[in-house]
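Here the sequence shown is numbered in UniProt numbering, starting from 1 and rising by one per residue.
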Amino acid sequence: MKIAITGGTGFLGRTLVRLLQETGHEPVILTRNPENSNRDVQQVGYLHRDSRPESELGTVDAIVNLAGTSINDGRWTEERKAAILESRIRTTSEVLRIIRALPEKPKVLVNASAVGVYPYSEKAVFTEDSPQGDGFLPGVVREWEWKAQAAEDVGVRTAFMRFGILLGRGGGALPLISLPYRLFAGGTVGSGRQWVSWIHVEDAARAILFALESDSISGPVNTVAPGALRMKDFGKEVGRALGRPHWMPAPAFALKAALGEKSEIVLKGQHVVPKRLEQAGFRFKFPDARSALEEIYQA
């Protein structure tokens, strides 16, 4: 398949591009700066006033939309929160414009999303059919998915990959999580009872490819490993993989003071399960945190 990708130079995007090349597909990266990009993959400019990517793409079989301002960088000021939402809506709107402008429509749109759509809970287990939460992150996810769903109006199958915390080398949340352990200061964050729903970046890329190739997959898809852990246990696995102790707690009040509203990401959580992926026959390469962290730190 020929697959156009936004966010193709990001942490997950780079892994996906490599996987597509290894499996005989043809990735094309939609980028704001094609002149500064890796020439091993075709680059097409977009999101500029004079950009017309639909005239350069030709026929594409699928589009993967991964672009959006990171929720992990900086405090959640009102300006930052506006940028997080606007970046996702703007990119998705442009993807929809490209789809409508293409003479031959792609068969599928795989759009990034997030488990942040679910409410925080220490007891509930969330599938794709579970109720959604209230607040900033659930609101962002709802608007993002609603915008992307418009692709179905022109006959394009659409899947929303609700990613958990991405684990891997060179990006994602793991470098920040592991830093205290590398300094021999790792320990329980907050109560330690909050859930961590995560996925190895390689499995995340494999899940995207699985969704691209599986005609039966559409709508929300929880893209998390089946082995969610409570924060205390997850931290112990990080310490074990690094050969570091798990002993110095990080109290909730300190994180709230340092991170503000964004502290919810680490002080609260959701136990999310990949019901639709598993029902469709997807097999995880790294189903548990121990195997994922050992591969990351010992490779």
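Beta carbons: idealized from backbone N, C-alpha and C, even for Gly. Quick caveat: nothing in here was measured; it's all calculated off a predicted structure.
Apply the 10 Å Cβ neighbour rule to residue i and answer buried if 16 or more other Cβ atoms are within range, or exposed otherwise.
{"i": "Ala-62", "result": "buried"}
{"i": "Ala-250", "result": "buried"}
{"i": "Lys-123", "result": "exposed"}
{"i": "Asn-72", "result": "exposed"}
{"i": "Glu-79", "result": "exposed"}
{"i": "Phe-210", "result": "buried"}
{"i": "Lys-285", "result": "exposed"}
{"i": "Gly-235", "result": "buried"}
{"i": "Ala-82", "result": "exposed"}
{"i": "residue 372", "result": "Here the chain comprises residues numbered 1 to 299, so residue 372 is not present and cannot be evaluated."}
{"i": "Thr-91", "result": "buried"}
{"i": "Trp-198", "result": "buried"}
Taking residue i as the reference, which of the options has the closest Cα?
{"i": "Arg-32", "options": "Val-273, Gly-8, Gly-171 and Arg-80", "result": "Gly-8"}
{"i": "Ser-191", "options": "Ile-296, Trp-144, Pro-245 and Glu-264", "result": "Glu-264"}
{"i": "Ala-151", "options": "Leu-176, Gly-219, Leu-209 and Gln-132", "result": "Gly-219"}
{"i": "Leu-19", "options": "Pro-34, Leu-30 and Ile-3", "result": "Ile-3"}
{"i": "Glu-22", "options": "Pro-34, Gly-10, Leu-30 and Val-41", "result": "Val-41"}
{"i": "Thr-188", "options": "Asp-153, Leu-174 and Leu-267", "result": "Leu-267"}
{"i": "Val-238", "options": "Arg-100, Tyr-118 and Ala-292", "result": "Ala-292"}
{"i": "Ile-84", "options": "Glu-143, Pro-274 and Leu-212", "result": "Glu-143"}
{"i": "Ser-55", "options": "Ser-93, Ala-252 and Ile-99", "result": "Ile-99"}
{"i": "Leu-12", "options": "Arg-169, Asp-233, Pro-226 and Lys-262", "result": "Arg-169"}
{"i": "Arg-14", "options": "Asp-153, Val-201, Val-95 and Thr-69", "result": "Val-201"}
{"i": "Ser-93", "options": "Thr-6, Met-248, Pro-27 and Ile-165", "result": "Thr-6"}
Who pairs with residue i in a beta bridge, going by DSSP?
{"i": "Pro-220", "result": "Phe-160"}
{"i": "Lys-2", "result": "Glu-26"}
{"i": "Gly-45", "result": "Thr-31"}
{"i": "Leu-250", "result": "The question names Leu, but residue 250 in the sequence shown is Ala. Answer by DSSP bridge pairing, in chain order: Val-189."}
{"i": "Leu-109", "result": "Ile-63 and Thr-158"}
{"i": "Trp-195", "result": "Arg-230"}
{"i": "Phe-184", "result": "In the DSSP output, where bridge partners are listed per residue, Phe-184 has none listed."}
Return the chain-ordered list of same chain residues with a C-beta closer than 8 Å to the C-beta of residue i, the five sequence neighbours on each side being excluded.
{"i": "Ser-51", "result": "Gly-45"}
Between which residues of its own chain and residue i is the CB-CB distance below 6 Å, once the five residues before and five after are set aside?
{"i": "Met-231", "result": "Val-189, Gly-192, Gln-194 and Val-196"}
{"i": "Gly-68", "result": "Ser-87 and Arg-88"}
Quick check: is any heavy atom of the ligand SAM less than 6 Å from the C-beta of residue i?
{"i": "Asp-134", "result": "Within the structure as shown, the ligand SAM is missing, as the structure has no ligands at all."}
Determine, using beta carbons only, whether residue i comes closer than 7 Å to chain D.
{"i": "Val-95", "result": "Here chain D cannot be found, since the structure has a single protein chain."}
Three-pair Cβ contact test at 8 Å for the stretch 104–121 versus the stretch 147–162
yes
Assess, as a yes-or-no matter, whether the stretch 238–253 is touched by the stretch 130–140 under the definition of 3 or more beta carbon pairs within less than 8 Å.
no
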